[in-house]
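Visitor: I'd like to ask you about the structure that follows.
There are 2 protein chains.
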Amino acid sequence: MEKTDKKTDILRAAETLFAELGFEGTSTRQIAKESGANMAMINYYFGSKEGVFLEIMEDRICGFKSQLNQIKDEQIPAKEKLLKVVEQYVTRIFSNITFHKMMHRELSLTQRPEMFSQIRDAMASNRMVIESILEKGIEEGHFRNVDVRMSILTIMGTISMVAISPTKAIDNIDINDEKQKEVLRLRLIAHLQDFIITHLTKPTK
Amino acid sequence: MEKTDKKTDILRAAETLFAELGFEGTSTRQIAKESGANMAMINYYFGSKEGVFLEIMEDRICGFKSQLNQIKDEQIPAKEKLLKVVEQYVTRIFSNITFHKMMHRELSLTQRPEMFSQIRDAMASNRMVIESILEKGIEEGHFRNVDVRMSILTIMGTISMVAISPTKAIDNIDINDEKQKEVLRLRLIAHLQDFIITHLTKPTK
DNA sequence: CAAAGTTAATCAATCGATTGATTAACTTCC
DNA sequence: GGAAGTTAATCAATCGATTGATTAACTTTG
Numbered sequence: 001m002e003k004t005d006k007k008t009d010i011l012r013a014a015e016t017l018f019a020e021l022g023f024e025g026t027s028t029r030q031i032a033k034e035s036g037a038n039m040a041m042i043n044y045y046f047g048s049k050e051g052v053f054l055e056i057m058e059d060r061i062c063g064f065k066s067q068l069n070q071i072k073d074e075q076i077p078a079k080e081k082l083l084k085v086v087e088q089y090v091t092r093i094f095s096n097i098t099f100h101k102m103m104h105r106e107l108s109l110t111q112r113p114e115m116f117s118q119i120r121d122a123m124a125s126n127r128m129v130i131e132s133i134l135e136k137g138i139e140e141g142h143f144r145n146v147d148v149r150m151s152i153l154t155i156m157g158t159i160s161m162v163a164i165s166p167t168k169a170i171d172n173i174d175i176n177d178e179k180q181k182e183v184l185r186l187r188l189i190a191h192l193q194d195f196i197i198t199h200l201t202k203p204t205k
Numbered sequence: 206m207e208k209t210d211k212k213t214d215i216l217r218a219a220e221t222l223f224a225e226l227g228f229e230g231t232s233t234r235q236i237a238k239e240s241g242a243n244m245a246m247i248n249y250y251f252g253s254k255e256g257v258f259l260e261i262m263e264d265r266i267c268g269f270k271s272q273l274n275q276i277k278d279e280q281i282p283a284k285e286k287l288l289k290v291v292e293q294y295v296t297r298i299f300s301n302i303t304f305h306k307m308m309h310r311e312l313s314l315t316q317r318p319e320m321f322s323q324i325r326d327a328m329a330s331n332r333m334v335i336e337s338i339l340e341k342g343i344e345e346g347h348f349r350n351v352d353v354r355m356s357i358l359t360i361m362g363t364i365s366m367v368a369i370s371p372t373k374a375i376d377n378i379d380i381n382d383e384k385q386k387e388v389l390r391l392r393l394i395a396h397l398q399d400f401i402i403t404h405l406t407k408p409t410k
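So the sequences go chain by chain: A and B. FYI, the working numbering numbers position 3 of the first sequence as 3, with every residue one higher than the one before it. Each position in the second sequence, counted from 1, maps to that position plus 205 in the working numbering.
In structure tokens:
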């Protein structure tokens with residue numbers, strides 16, 4: 001028998017519902033029903049519906065930043081770092097695609113300032129780590145003098161696009177099938193590493 | 206005196222509100238107030254709130270497909286076609302960024318099937334036009350044998366990422382300032398054209 | 001027993017949608 | 001040409017349902 005307190009039950013149920021139906025589209029009653037908790041428990045533990053969302057985000061965001069920073073400080077060439085970052089970035093997002101959808105959805109709204117800035121800051125933080133790796137590589141002469149910000153947005157944008165793209169949009173791959181999802185993950189990583197090599201590294205003379 | 210009927214007033218007001226507040230976040234009362242129309246007019250003309258959204262989408266989607274197909278049929282090299290497509294794609298999205306945000310937001314939800322499939326089909330249609338250009342280029346030996354689908358998702362993803370990225374996230378550029386927005390647009394086009402050349406075209410021996 | 005956890009019941013507010021009545025513009029008919 | 005008929009457009013008012021939040025009472029735990 002697994003031990004679960006009501007608080008985590010609520011968080012788990014809310015995460016699924018928010019991802020599927022959006023923040024507005026999810027009612028506190030649904031969260032209560034799905035988690036087996038009473039409606040009042042949501043406000044008891046989190047103060048409000050928005051409080052639930054913020055805590056979900058906080059939990060997911062933590063950890064990834066340190067994961068990125070760890071790669072940054074390794075003693076390997078910038079190119080190897082970047083390949084590693086891409087692999088972990090893809091894997092991280094693929095481990096919870098619905099969450100990533102939810103994040104992007106709320107990022108495109110400005111009406112809930114707290115939610116917005118929380119996501120924005122987390123993304124900016126990630127971006128800066130990758131940026132420093134890329135800039136170092138340019139300084140050291142291993143990368144072409146590309147538009148750093150744009151190149152990062154290309155990496156992030158490609159991953160997002162694959163993750164967000166409707167099921168079966170890409171070569172009839174069903175993202176809900178775990179096996180096909182794994183194939184897609186590897187394919188995406190291969191493509192991005194190809195991008196890094198062809199776009200960033202100088203042609204060997 | 207400009208001539209505007211209530212119907213287009215509603216569409217215009219709704220487009221702005223949907224983009225800013227999301228579909229759920231926008232009430233029919235807000236649309237009515239902002240457009241100067243009576244609430245009942247929304248159902249009178251469009252049947253429902255969702256009907257308004259679908260018509261907005263329909264209006265925007267039309268035209269772009271023919272625009273893409275026109276490029277496809279031109280008698281110029283595949284590379285030139287692709288550069289042209291990218292430029293027009295970026296320009297199209299930059300002409301109404303909030304609309305593009307709204308599209309992506311609704312694409313990530315599955316609860317409104319009509320809205321979802323309308324957007325999905327429109328995107329798939331665009332993707333296929335670009336795909337055929339790319340494949341032709343590979344066949345003719347002008348492009349490397351890249352992962353076609355992934356490369357397209359990179360182009361689309363980069364554009365989306367730039368458009369969706371929070372204001373001031375990219376080098377402190379304020380996307381609401383028309384002049385800075387134009388600079389960003391050109392910078393994005395330049396970056397993508399650099400991508401096409403370095404990633405797709407074979408290195409000249 | 002007191003604090004923490006949990007419950008059903010209820011709150012005011014707002015939602016999308018619909019109603020029946022009214023207005024204005026255009027057609028038809030004698 | 002002008003009364004009668006017809007249409008689309010517009011309105012205020014209101015519908016039942018649902019929203020997020022709160023209350024007060026009850027139960028468990030330490």
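Glycine residues also receive a C-beta, built at the ideal position from the N, C-alpha and C atoms.
Which residue marks the beginning of the alpha helix (DSSP H) containing B/I343, and which one marks its end?
Guide: As a working mapping, residue 343 of chain B is identified with position 138 in the second sequence. Note, B/I343: alpha helix (DSSP H), 318-344.
Visitor: Could you tell me the alpha carbon to alpha carbon distance between B/T363 and A/A40, rounded to whole angstroms?
Guide: As a position in the second sequence, residue 363 of chain B is number 158, starting the count at 1. As a position in the first sequence, residue 40 of chain A is number 40, starting the count at 1. Cα-Cα distance, rounded: 43 angstroms.
Visitor: Taking C-beta pairs closer than 8 angstroms, name the residues in chain A that B/D352 reaches, listed in chain order.
Guide: Numbered from its first residue, the second sequence carries residue 352 of chain B at position 147. Residues of chain A passing the Cβ test: R187, A190, H191, D194.
Visitor: Between the region 308-315 of chain B and the region 20-33 of chain A, can you find at least three pairs of beta-carbon atoms closer than 8 angstroms?
Guide: Yes, they touch.
Visitor: Comparing the C-beta of B/K410 with each C-beta of chain A, is any distance below 7 angstroms?
Guide: Residue numbering aside, residue 410 of chain B sits at position 205 when the second sequence is read from its first letter. Here B/K410 scores only 46 on pLDDT, less than 50, and its place in the model should not be relied on; the value that follows carries that caveat. It does not; no Cβ of chain A falls within 7 angstroms.
Visitor: Along the alpha helix (DSSP H) that carries A/G157, what are the first and last residues, could you check?
Guide: Locating residue 157 of chain A in the first sequence gives position 157, counting from the first residue. First-last of the alpha helix (DSSP H) with A/G157: 148-164.
Visitor: Against chain B, does A/M57 count as a neighbour if the rule is that its beta carbon must be under 7 angstroms from one of theirs?
Guide: What you label residue 57 of chain A is simply residue 57 of the first sequence in a count that begins at 1. Taking Cβ atoms only, chain B never reaches closer than 7 angstroms to A/M57, which makes this a no.
Visitor: Spell out a yes or no on whether the region 265-274 of chain B and the region 237-252 of chain B are touching, meaning 3 or more CB-CB pairs, one atom from each, closer than 8 angstroms.
Guide: Touching, no.
Visitor: Let me make sure I understand the geometry here. Which of B/E319, B/K254, B/A327, B/I302 has the alpha-carbon closest to that of B/M366?
Guide: In the second sequence, counting from the first residue as 1, residue 366 of chain B sits at position 161. The shortest C-alpha separation from B/M366 is found at B/I302.
Visitor: Considering only the alpha carbon of each residue, which of A/V90, A/M128, A/E58 lies closest to A/M115?
Guide: Stepping through the first sequence from its first residue, residue 115 of chain A is reached at position 115. With distances taken between Cα atoms, A/M115 lies closest to A/E58.
Visitor: Residues of the region 365-381 of chain B with a CB closer than 8 angstroms to any CB of chain A: list them in chain order, please.
Guide: Flagged, chain order: S365, M366, V367, I369, S370, P371, A374, I375, D376.
Visitor: Quick one: does B/S226 have its CB under 7 angstroms from some CB of chain A?
Guide: Indexing the second sequence from 1 puts residue 226 of chain B at position 21. According to the sequence shown, residue 226 of chain B is Leu rather than Ser. Interface residue, yes.
Visitor: Given a threshold of 16 other Cβ atoms within 10 Å of its Cβ, counted over all protein chains shown, does A/N126 qualify as buried or as exposed?
Guide: On the first sequence, residue 126 of chain A is found 126 positions in, with the first residue counted as 1. Classification of A/N126: buried, given that the 10 Å Cβ count is 16 or more.
Visitor: Between the region 348-362 of chain B and the region 162-175 of chain A, do at least 3 Cβ pairs fall closer than 8 angstroms?
Guide: Contact holds: three or more Cβ-Cβ distances are below 8 angstroms.
Visitor: Can you tell me which of B/D210, B/G346, B/V334, B/G256 puts its alpha carbon nearest to the alpha carbon of B/R354?
Guide: The residue you call residue 354 of chain B lines up with position 149 of the second sequence. Nearest option by C-alpha distance: B/V334.
Visitor: To which residues of the same chain is B/S304 closer than 7 angstroms at the C-beta, ignoring the five residues directly before and after it?
Guide: As a first step, residue 304 of chain B must be located in the second sequence, where it is residue number 99. Just to set this straight, residue 304 of chain B is Phe in the shown sequence, not Ser. Here the set comprises E220, A224, R265.
Visitor: Could you give the uninterrupted runs of the alpha helix (DSSP H) lying entirely in the region 246-282 of chain B, keeping only those of 4 residues or more?
Guide: The region 246-282 of chain B contains these whole alpha helix (DSSP H) runs: 254-266, 269-277.
Visitor: Helix, strand or coil for A/K205, going by three-state DSSP, please let me know.
Guide: What you label residue 205 of chain A is simply residue 205 of the first sequence in a count that begins at 1. Residue placement at A/K205 is poorly supported in this model, since its pLDDT is 46, which falls under 50; the coordinates still yield a value, given next. Residue state, collapsed to three classes: coil.
Visitor: What does A/L54 reach in chain B if we use C-beta pairs closer than 9 angstroms?
Guide: Within the first sequence, numbered from 1, the residue matching residue 54 of chain A stands at position 54. The contacting residues do not exist; A/L54 stays about 17 angstroms from chain B at best.
Visitor: Got a sec? Which residues, its chain only, sit under 8 angstroms from B/N243 by beta carbon, not counting five neighbours each side?
Guide: Counting from 1 along the second sequence, the entry for residue 243 of chain B is found at position 38. Closer than 8 angstroms at Cβ, skipping near neighbours: A237.
Visitor: Would A/I133 and A/A190 be called neighbours here (beta carbons separated by less than 7 angstroms)?
Guide: For the purposes of this step, residue 133 of chain A is taken as the residue at position 133 of the first sequence. For the purposes of this step, residue 190 of chain A is taken as the residue at position 190 of the first sequence. It is not a contact, given that the beta carbons lie outside the stated cut-off.
Visitor: Just to confirm before moving on: does the CB-CB distance between A/L184 and A/V90 stay below 7 angstroms?
Guide: The residue given as residue 184 of chain A occupies position 184 in the first sequence. The residue given as residue 90 of chain A occupies position 90 in the first sequence. Their beta carbons are not under 7 angstroms apart, which means A/L184 does not touch A/V90 by this criterion.
Visitor: Since A/I196 and A/V86 should fall inside the 8 angstroms C-beta cutoff, what is the C-beta to C-beta distance between them, to a whole number of angstroms?
Guide: Working through the first sequence from its first residue, we reach residue 196 of chain A at position 196. Working through the first sequence from its first residue, we reach residue 86 of chain A at position 86. Contact holds; Cβ gap of about 7 angstroms.
Visitor: With C-beta atoms as the reference, is A/T26 less than 7 angstroms away from A/I42?
Guide: Mapped onto the first sequence, residue 26 of chain A falls at position 26. Mapped onto the first sequence, residue 42 of chain A falls at position 42. Contact: no.
Visitor: When the cut-off is 7 angstroms and only beta carbons count, does B/G342 lie next to chain A?
Guide: If you number the second sequence from 1, residue 342 of chain B lands on position 137. By this cut-off, B/G342 is not an interface position.
Visitor: Could you name the residues of the same chain whose beta carbon sits closer than 6 angstroms to that of B/I289, not counting the 5 residues immediately before and after it, in chain order?
Guide: As a working note, residue 289 of chain B is residue 84 in the second sequence. What sits at residue 289 of chain B in the sequence shown is Lys, not Ile. Excluding residues within five positions, the ones whose Cβ falls inside 6 angstroms are I276.
Visitor: Could you spell out where the alpha helix (DSSP H) holding A/K35 opens and where it closes?
Guide: Against the first sequence, residue 35 of chain A aligns to sequence position 35. The question names Lys, but residue 35 of chain A is Ser in the sequence shown. From DSSP, the alpha helix (DSSP H) with A/S35 extends over 28-35.
Visitor: With B/T403 and A/T198 assumed to form a contact (beta carbons below 8 angstroms), what rounded beta-carbon distance in angstroms separates them?
Guide: Residue numbering aside, residue 403 of chain B sits at position 198 when the second sequence is read from its first letter. Residue numbering aside, residue 198 of chain A sits at position 198 when the first sequence is read from its first letter. Contact flag correct, Cβ pair sits at about 5 angstroms.
Visitor: Any idea what DSSP makes of B/F348, helix, strand or coil?
Guide: Reading the second sequence from its first residue, position 143 is the one you call residue 348 of chain B. B/F348 falls in the strand class under three-state DSSP.
Visitor: Count the other CB atoms, across all protein chains shown, that sit within 10 Å of the CB of B/I281; report buried if there are 16 or more and exposed otherwise.
Guide: Counting from one through the second sequence, the residue named residue 281 of chain B turns up at place 76. It counts as exposed.
Visitor: Return yes when the Cβ of A/R144 is within less than 7 angstroms of the Cβ of A/K81, no when it is not.
Guide: As a working note, residue 81 of chain A is residue 81 in the first sequence. As a working note, residue 144 of chain A is residue 144 in the first sequence. No; because the gap between Cβ atoms is not below 7 angstroms, this pair is not in contact.
Visitor: Nearest to B/D376 by alpha carbon, out of A/Q180, A/A13, A/A124, A/P113?
Guide: Taking the second sequence and counting its residues from 1, one reaches residue 376 of chain B at position 171. It is A/A124.
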